[in-house]
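Be aware that the first sequence starts at 427, since it is given in my numbering, and climbs by one per residue.
Using N, Cα and C, we set each Cβ at its ideal position, and we do this for glycine too.
Structure first, then comments.
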Amino acid sequence: MPELPEVETYRRFIDELAVGQTIAAVQVNDAHVLATPEDQLRAGLVGRTITGTSRLGKNCFLELDNGPVLVLHFGMTGDIGAYRDEPDAPRFTRVALHLEDSGLRLAFIDPRKFGRIRLAASAAAHQAAKKIGPDALQITAAELQQKLSRRKTLLKPLLLDQGITAGLGNWIVDEVLFQARIHPERLGSSLIEKEFKALHAAIQLVLATAISHEANYRHFPKSFLIHAREWDDSAAPGSDAHTFCPRHPKVKIEKYYVGGRATYICPRCQPAPAGT
DNA sequence: ACCCATGTTCTTTG
DNA sequence: TCAAAGAACATGGG
């Protein structure tokens, strides 16, 4: 789940729960998710007060009263939670921050352990170190066009590249390209100005919609492609209406692979580029 | 038992 | 140097 809208939802949760709180202890259940050595992490966190939160793409930052930030990246299966007593700890809690004032524990949950927790000097320093581009909610249409228009690479991998713009993941890129009516295998350099505008508008639309529903895609509008994907294999036999294009009730959504990632398109809305 | 999976990063191949 | 595919990571769930 953790693409930009999920991470923004987590950030808001953390902001309400943890800002103003002092970290009493750092509980490490599985050091695998630590990108900063455990002793350094503990030294940097215990006794510090969380002063605020921010987000860049899929990264969430907890700002600390002495300057550095705690960076959370949720990988493919990361989540955030809170609990009071250890028996109530969510399954797969890998790290927990004990909050001094409320007595709550903030849980970093991650079954598959692709997520990472680290300390960085600042959000900007982390952005530079990881070569992360502008946040997908902040990037302008002109900036996006400038970054894509000289690239002879398939559009879908370009949009997934966090160095171009940060926060778009596999499901969202498919949704964005569907809303913009652009095929994922178009080359960046093949788009015309109008298409860049449509692409930028679609990014804004999809992210704003997802955030407003706290990333609960089951509540997304019927005009969204995601229903074809999510319910693809969970639908009862015989009820396959959701596998058709929201705009073309007789056109089946197609699934195939682009850049190794499962990709869903409407072949009518998103015509393939010539030569494929 | 087998196959798939939301992300990132490295390796290989062309 | 670039583009694209594949693999690796670690594990749960269908």
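The three-state secondary structure of Ala457, taken from DSSP, is helix. Going by beta carbons, His674 and Arg694 fall inside the 8 Å limit.
Going by beta carbons, Gly493 and Asp536 fall outside the 8 Å limit.
Here Asp511 carries a coil assignment [DSSP, helix/strand/coil].
DSSP, read as helix, strand or coil, puts Asp441 in helix.
Phe534 and Val452 have their C-alpha atoms roughly 11 Å apart. Under the three-pair Cβ rule at 8 Å, the stretch 614-624 counts as touching the stretch 568-584. According to the DSSP assignment, Val602 belongs to the alpha helix (DSSP H) that extends over 596-606. Using a Cβ distance threshold of 8 Å, Lys556 and His458 do not count as a contacting pair. Scanning its chain for C-beta atoms nearer than 6 Å, with the 5 sequence neighbours on each side dropped, one finds around Gly507 the residues Pro516, Ala533, Ile535, in chain order. Contact check between the stretch 544-559 and the stretch 508-528: fewer than three CB pairs, one atom from each, fall below 8 Å, which does not count as touching. At the C-beta level, Gln588 and Ile558 come within 8 Å of one another.
The three-state reading of DSSP puts Ala592 in strand, counting E and B together.
Spatial neighbours of Leu471 in its own chain (CB-CB distance under 6 Å, excluding positions within 5 residues in sequence) are listed in chain order as Ile449, Val452. Burial check for Tyr436: the Cβ neighbour count within 10 Å reaches 16 or more, so the residue is buried. By the criterion of a C-beta distance shorter than 8 Å, Phe646 is surrounded in its chain by Thr635, Ala636, His639, Ile652, His653, once the five residues flanking it on both sides are discounted.
In the three-state DSSP reduction, Phe622 falls in the helix class (H, G or I).
Across the structure, Leu633 and Pro610 are spaced so that their CA atoms are roughly 18 Å apart. Contact annotation: Arg544 and Thr475 have beta-carbon atoms that are not nearer than 8 Å. Note on geometry: alpha-carbon atoms of Ile598 and Phe650 lie some 10 Å from one another.
Counting along the chain, the unbroken alpha helix (DSSP H) around Lys582 starts and ends at 581-586. Using a Cβ distance threshold of 8 Å, Ala562 and Leu584 do not count as a contacting pair. Taking the Cα positions, Lys484 is about 6 Å away from Val433. Per DSSP, the continuous alpha helix (DSSP H) segment holding Leu570 begins and ends at 567-574. One alpha carbon belongs to Cys671, the other to Phe604, and they sit about 10 Å apart.
Per the coordinates, the alpha-carbon of Ala522 lies some 45 Å from the alpha-carbon of Gln696. Note that the C-beta distance between Lys676 and Tyr690 is not below 8 Å.
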